[in-house]
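Numbers given in our numbering equal positions in the sequence shown, counted from 1, plus 15.
Below is one structure, written out as structure tokens, with a few remarks after it.
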Amino acid sequence: IVKGSALAALEDSDKKIGEDSIRELMAAVDDYIPTPVRPLDKPFLMPIEDVFSISGRGTVVTGRVERGVVKVGEELEIIGIRPTTKTTCTGVEMFRKLLDQGQAGDNIGALLRGVDREGVERGQVLAKPGTVKPHKKFVAEA
């Protein structure tokens with residue numbers, strides 16, 4: 016148990032129960048909660064959760080990067096539901112900040128070149144070219 020006061024930390028009234036206890040609490044949280052393993056070495060894959068059209072910029076797809084890294088300027092494929100489409104990532108944004116790349120675990124918006132809003136939908140995936148093969152049929156066993 017870490018004793019302290021967030022109010023004392025905000026008001027800077029008592030450093031011992033304020034700022035020092037908050038730092039002690041965060042150190043305990045960091046020690047207790049393991050850092051998640053992020054598969055950065057695998058090929059990029061992001062399920063598409065939403066699609067937006069930004070006038071003058073293009074089409075933005077959003078989602079959580081499941082594996083790998085995507086960098087601005089990389090070629091990508093939109094796979095699933097419709098025929099596979101090739102595109103280029105012209106921008107990566109996370110929480111309204113422009114980034115050079117997005118990596119596994121990040122919730123990002125990826126700006127795509129040459130793709131219409133109507134050509135992309137939730138349920139498709141954005142992936143490194145040649146790493147995901149779409150299927151139309153499968154066989155199941157009972």
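Cβ atoms here follow ideal geometry from the backbone N, Cα and C, with glycine treated the same way.
No experiment lies behind these values; they were computed from the predicted model shown.
Proximity winner among the options, relative to residue i (alpha-carbon distances)
| i | options | result |
| --- | --- | --- |
| aspartate 131 | Gly124, Ile48, Lys152 and Phe67 | Phe67 |
| leucine 55 | Lys148, His150, Gly117 and Arg111 | Gly117 |
| isoleucine 63 | Arg79, Gly73, Ser70 and Lys57 | Arg79 |
| alanine 142 | Thr105, Asp121 and Thr99 | Thr99 |
Cβ separation of residue i and residue j, assumed to be a contact under 8 Å, to the nearest whole Å
| i | j | result |
| --- | --- | --- |
| leucine 126 | valine 52 | With 8 Å as the limit, leucine 126 and valine 52 do not qualify as a contact, their Cβ atoms being about 28 Å apart. |
| leucine 91 | proline 144 | 7 Å |
| lysine 86 | aspartate 115 | 6 Å |
Unbroken beta strand (DSSP E) run spanning residue i, endpoints
| i | result |
| --- | --- |
| valine 140 | 140 to 142 |
Local Cβ density within 10 Å of residue i, reported as buried at 16 or more and exposed below that
| i | result |
| --- | --- |
| isoleucine 93 | buried |
| methionine 41 | exposed |
| phenylalanine 59 | buried |
| serine 28 | exposed |
| isoleucine 123 | buried |
| arginine 82 | buried |
Span of the alpha helix (DSSP H), counted from its first residue to its last, around residue i
| i | result |
| --- | --- |
| glycine 38 | The residue asked about is misnamed: residue 38 is arginine in this sequence, not glycine. Its alpha helix (DSSP H) spans residues 34 to 47. |
Secondary structure, beta strand (DSSP E): runs of 3+ residues fully inside the stretch 60 to 125: 60 to 62, 65 to 69, 73 to 79, 84 to 86, 90 to 95, 97 to 109, 112 to 114 and 116 to 118
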